[in-house]
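For any residue, its number in the numbering used here is found by taking its place in the sequence shown, counting from 1, and adding 300.
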Amino acid sequence: YFFAQVGTGRANRIHLTDLFAHVAEVRLEKNDWTDWMPARAREARIVVHIGASENHKSYGDHKWMQVARGLLDRATHHRVTLVGSAAERDRADLIATVRDGGDIENLVGRTTLRELEAVIASAALVIGADSSPVHIAALTDTPVLNLSFQSVRFWETGPRSNGSRILVAALPDDLPSDRVVAEALSMLDGGKTAEAIALQWGRAPRTLQRFLELILWDEEKLRDRCQQIVARDHAHPEAIGCVDESGVTKS
C-alpha cells in the first residue's frame, strides 16, 4: 500500500487502524474499541507516560518535571500517576522528586500490561507521546493529550479516544511545558478556557477574561477572520481540516 498507493517519500493520509480495517475488509464500529474492556469508574487521576519507543519521540526528564509540578499545583483535585517500562525507572524516580510526600504515584516498571490497562481505564486523562498507552487509551476511551514531534506522523498513529487532543512541535524542546499544563487543564475542565489560552500565550488569565466579557463581538466578522487566518497559515495541496466542536459555551 505505502509504495503502490502513497508513493516513496510521501506521507500516508489515513490512520493506520482505518487502513488495516480496509485491508481486512471490515468496518470499524465503536464497540470494536470498548466492548471487550470491563467498565471502570473514572478517578481524579492524570496518567503521564514518560517514555516512547525512541527517546527523540518524547519529553526529557526536566520537561516532565515541569509538567508534573504544574499539574500538581493547579489540578489540585487530581493525582499524577507515572507509567512506563522497567528501563525507565531511574527517570521516573528523578521526576517523582519534584514533589515530596507521595503526591506523585510512580508505577513505572511496576505494572503488567493488564494492570496498565486498568490504570488507564480509571484515568481522567492520559498525557504522553506516540506509544502503547496512547493506543490502550483508545480501547478504554480515555481522553489523551498526545505530544507529537516531527519524527512522528500523528495522523497515522495518533489517539482515537473521544475528546483527545494533539500538541505538535518540531522537537521536544520546542514545546513549552506550561503549554502542556494549560492544555491538560483545559481538557480536564471540558473545553478551551480563557485561562488556558492566556497561559499558552504568556498572558494574565484575568486580563483575557475581562477582555472577553467587555467586548461586543461581531460574530460574522470574527468567523470570516478565522477563515482568513486558516487559509493564510495552513494552505497546502494535501491539507486536511478538522473542525472541533467542543460543546462548551464560550465567554
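Note that CB positions come from ideal geometry on N, CA and C, so glycine has one too.
So, with DSSP's three-state summary, where would you put residue i?
i    : result
R410 : coil
V383 : strand
N462 : coil
H435 : helix
L445 : strand
E520 : helix
E475 : The identity of residue 475 in the sequence shown is Leu, whereas the question assumes Glu. If DSSP states are grouped into helix, strand and coil, L475 belongs with coil.
E354 : coil
E405 : strand
V530 : helix
Using only CA atoms, which one of the options lies nearest to residue i?
i    : options                : result
V444 : R369, V480, L522       : V480
L407 : R345, E519, I540       : R345
R389 : V434, T317, D361, E415 : D361
H378 : V347, W364, D393, N355 : V347
G409 : R453, T507, S358, A387 : A387
L475 : R503, V367, V326, K330 : V367
N331 : L512, M487, A438       : A438
G428 : H322, V452, F511       : V452
A424 : D441, A498, E415, R414 : D441
Y359 : E513, Q450, D373, D400 : Q450
Spatial neighbours of residue i within its chain, please: CB distance less than 8 Å, with the 5 preceding and 5 following residues excluded, ordered by chain position.
i    : result
S353 : D430, S431
V530 : G541
A375 : I346, A484, L485, L488
Quick one: what's got a C-beta closer than 6 Å to residue i's C-beta in the same chain, skipping five residues either side?
i    : result
T412 : none
V398 : M365, A368, R369
A321 : L328
E417 : I436
Quick one: give me the first and last residue of the beta strand (DSSP E) that residue i is part of.
i    : result
G428 : 425–428
I346 : 345–349
Looking at residue i: is its Cβ nearer than 8 Å to the Cβ of residue j?
i    : j    : result
V383 : H435 : no
V468 : S448 : yes
A484 : L394 : no
E456 : L328 : no
V380 : E405 : yes
K363 : P459 : no
E343 : S422 : yes
Short of 7 Å in beta carbon distance, which residues of its chain neighbour residue i, apart from the five on each side in sequence? Order them along the chain.
i    : result
S464 : P443, V444, N446
R391 : I350, D361
Starting from residue i and walking both ways along the alpha helix (DSSP H), at which residues does that stretch end?
i    : result
P537 : That residue, P537, is in no alpha helix (DSSP H); it is neither H nor E in DSSP.
D395 : The identity of residue 395 in the sequence shown is Ile, whereas the question assumes Asp. Looking at the DSSP string, the run of the alpha helix (DSSP H) that includes I395 is 389–396.
V367 : 361–374
E456 : 454–457
V323 : 316–323
Q509 : 505–514
Measuring only from the beta carbon, is residue i closer than 7 Å to any heavy atom that is part of the ligand MN?
i    : result
M487 : In the structure shown, the ligand MN is absent, as is every other ligand, since no ligand is present at all.
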